[in-house]
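Chains as they are written, first to last, in the numbering used here: chain W, 113 to 512; chain U, 116 to 371.
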């Protein structure tokens with residue numbers, strides 16, 4: 113680490129490199145922290161989490177009881193022990209609450225005035241955060257498994273919705289219309305994701321084992337289907353080719369730069385694809401246990417080198433190196449199955465929620481201050497601080 | 116390619132420290148990860164006499180994963196060997212993820228040995244000549260056979276009769292090892308038996324050295340080490356390092 117600091121100081125290295133090295137070091141030391149807690153509000157399992165992009169301060173969670181809660185993640189108290197409080201909830205007593213389980217929630221990508229939630233009660237609601245009333249409601253024919261709004265979109269404000277119907281529906285937020293349909297899948301759509309690089313590229317994963325990539329501007333079908341064999345035929349019959357997985361494909365995640373796409377399937381495999389060509393990069397992650405009948409929500413780190421994938425695996429969260437495929441560590445702490453996890457890019461923290469109704473925060477372990485320095489300080493009467501006051505944290509105590 | 120600056124990953128020692136127990140297996144200590152020598156080691160575990168010497172030594176791809184920790188580099192090196200024509204890969208029928216590996220010269224020798232005296236000999240020779248240096252496919256469909264390889268329909272029938280091709284679908288064939296049916300049968304039975312032994316042990320776990328020393332039932336025809344590499348590589352058991360050696364724990368949720 114000192115070599116990175118020296119290289120930065122003398123100008124040998126890019127400033128970004130030091131930042132990446134520190135982020136990587138922090139991610140490698142993730143641990144369940146006694147001091148950080150998230151208030152427990154849900155009465156039933158937590159299905160989805162989303163941290164807003166602008167500040168990284170507010171987190172949304174949706175539960176199996178239909179309740180939606182907003183938390184404040186920032187620690188304004190000057191104490192080390194901090195519990196993330198809820199700011200407001202759409203509870204069971206609210207008139208507009210979802211009737212059944214909330215499957216996906218997402219903040220509006222450009223500000224926190226709005227968020228969208230979709231649920232098994234066949235509706236998708238667009239909420240106004242201030243009044244907590246739905247500004248818009250979309251009705252569907254089948255259970256809504258997932259939805260996603262593009263994080264980089266400037267020219268359109270489409271929400272892609274995956275339901276029990278094999279057709280992917282695109283709902284327009286500005287006009288409220290939903291005439292745009294993407295046809296091509298033959299099974300329920302379990303996961304949809306917009307690319308963080310191009311605002312018109314959409315990836316969808318379905319129970320027919322296929323993952324398709326679409327350009328929504330084109331009138332014809334999908335751009336390509338991800339083929340796990342890269343054209344090499346080795347399946348039991350010729351019809352079973354062009355599948356991304358041998359079971360249901362139920363999780364999708366783009367990397368932060370949008371160049372790669374990760375998919376998980378119920379064949380207990382996770383695959384990394386080149387998102388431009390659809391080629392399987394053949395990185396072997398081993399067995400990634402996946403028994404989810406709905407979509408699996410997993411996440412990739414941002415700003416580290418090498419990047420890490422956080423995948424819920426049973427009752428723990430598995431951390432894999434993105435391009436090497438090796439299992440770095442398993443984050444154990446939940447009492448029951450983990451359903452979702454979310455990475456906070458500014459603090460390199462991971463929040464995970466599961467069926468045990470808990471949201472756990474995995475925080476990088478801080479370096480302990482040297483004991484010798486502390487003793488010297490107390491001898492000198494504390495007049496000379498070991499740390500320059502400009503660098504001193506206002507919220508951490510010296511007792512470590 | 117030499118690097119001017121160290122990778123961030125290397126600074127933080129992402130590679131796990133190798134424990135003394137690994138030295139016993141001998142595999143993961145190979146810094147250069149020499150796949151060919153691991154393959155040859157595994158091939159010696161294959162019992163030839165069982166099949167009256169009619170099969171070439173067969174190794175499964177996931178057995179290599181139990182010897183080397185980095186699966187992606189194993190896959191890459193296997194691909195290089197396949198492309199260079201030294202190694203052949205086959206899709207066995209019972210599991211879509213189980214691939215068998217055979218050295219090309221062994222395969223050729225055994226197939227020709229099995230074909231000696233039969234009228235299908237020339238067709239098979241022609242096929243092997245086309246296959247071994249250039250092609251690294253797992254399966255072939257009709258157009259490929261007719262146009263690229265210039266085989267006629269009757270020749271294709273001869274190839275299927277001799278066991279080099281197996282029918283997959285109407286108009287497409289797998290590459291296969293002749294007389295491999297018995298191998299697959301014994302293999303599946305042996306795998307089930309060994310897994311059963313691990314499952315029935317106390318707490319569903321057993322030390323690897325103890326398992327190797329156990330007496331095997333008549334269901335287990337292959338060497339115990341061969342089966343152990345198989346179940347560890349296919350992640351049917353969890354491998355845990357302890358102070359007394361490697362522990363194999365049965366993983367719940369397995370069908371077989």
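Ideal placement from N, C-alpha and C gives every residue a C-beta, glycine not left out.
A quick note: this is a predicted structure, and the numbers were derived from the prediction, not measured.
By the neighbour-count criterion, in which a residue is buried when 16 or more other Cβ atoms sit within 10 angstroms of its Cβ, residue 224 (chain U) is exposed. Bridge pairing for residue 453 (chain W): W:464 [DSSP]. DSSP places residue 177 (chain U) outside any beta strand (DSSP E); the residue lies instead in the alpha helix (DSSP H), whose first and last residues are 176–182. Under the Cβ criterion of 8 angstroms, residue 185 (chain U) is counted among the residues facing chain W. Sequence-distant partners of residue 200 (chain W) (beyond 5 residues in either direction) whose C-beta falls short of 7 angstroms from its own C-beta, in its chain, are 182 and 244.
By the C-beta criterion, the stretch 155–163 of chain U is judged not to be in contact with the stretch 319–330 of chain U, since fewer than 3 inter-stretch pairs fall below 8 angstroms. Residues are counted here when their Cβ sits less than 7 angstroms from a Cβ of chain W; for the stretch 328–357 of chain U these are 350, given in chain order.
Annotation: residue 200 (chain U) to residue 188 (chain U) spans about 19 angstroms, alpha carbon to alpha carbon. Residue 148 (chain W) is a Cβ neighbour of residue 475 (chain W), given a cutoff of 8 angstroms. Assignment of residue 381 (chain W) by DSSP, reduced to helix, strand and coil, places it in the strand class. With a cutoff of 8 angstroms on beta-carbon distance, residue 157 (chain W) and residue 380 (chain W) are scored as not near each other. Of the candidates W:453, W:376, W:383 and W:473, W:376 places its Cα closest to the Cα of residue 318 (chain W). For the pair residue 306 (chain W) and residue 272 (chain W), the CB atoms are nearer than the 8 angstroms cut-off. Chain-order list of chain W residues neighbouring residue 159 (chain U): empty, with the shortest C-beta distance near 25 angstroms, by a criterion of under 9 angstroms. Here the C-alpha atom of residue 318 (chain U) lies approximately 8 angstroms from the C-alpha atom of residue 364 (chain U).
For residue 115 (chain W), the enclosing alpha helix (DSSP H) has its first and last residue at 114–122.
Residue pairing by DSSP places residue 232 (chain W) opposite no residue, since no beta bridge is assigned to it.
Not a single CB atom of chain W sits nearer than 8 angstroms to the CB of residue 210 (chain U).
Comparing alpha-carbon positions, the option among U:168, U:340, U:245 and U:218 lying closest to residue 262 (chain U) turns out to be U:245.
Identification of residues in the stretch 406–418 of chain W having a C-beta nearer than 7 angstroms to some C-beta of chain U yields 417 and 418, given in sequence order. For residue 316 (chain W), the enclosing beta strand (DSSP E) stretches over residues 313–318. DSSP places residue 242 (chain W) outside any alpha helix (DSSP H), giving it a letter other than H or E.
The stretch 419–439 of chain W and the stretch 394–410 of chain W touch, with no fewer than 3 CB-CB distances between them shorter than 8 angstroms. Using a Cβ-Cβ cut-off of 8 angstroms, residue 190 (chain U) is close to 394 and 396 of chain W, given in chain order. In this structure, the straight-line span from the alpha carbon of residue 164 (chain U) to that of residue 142 (chain W) is close to 53 angstroms. Between the stretch 341–359 of chain U and the stretch 164–179 of chain U there are three or more C-beta pairs closer than 8 angstroms, enough to call the two in contact. Rounded to whole angstroms, the Cβ separation of residue 226 (chain U) and residue 309 (chain U) is 30 angstroms, and the two are not in contact under 8 angstroms. Interface with chain U (8 angstroms Cβ-Cβ cutoff): residue 436 (chain W) is included. Judged by beta-carbon spacing, residue 233 (chain W) lies beyond the 8 angstroms limit of residue 267 (chain W), meaning their Cβ atoms are not closer than that value.
If you draw a 10 Å sphere on the C-beta of residue 190 (chain W), you find fewer than 16 other C-beta atoms in it, and that means exposed.
Under the 10 Å beta carbon count, residue 162 (chain W) is surrounded by 16 or more other beta carbons and is classified as buried. Unbroken alpha helix (DSSP H) runs of no fewer than 4 residues, entirely contained in the stretch 277–362 of chain U, are found at 295–315, 323–328 and 339–348, following chain order. Contact of residue 140 (chain W) with chain U by beta-carbon distance below 7 angstroms involves 127. For residue 467 (chain W), not one C-beta of chain U is nearer than 8 angstroms to its own C-beta. DSSP, read as helix, strand or coil, puts residue 221 (chain U) in helix. For the stretch 131–156 of chain W, residues whose beta-carbon sits nearer than 7 angstroms to a beta-carbon of chain U comprise 132, 133, 136, 137 and 140.
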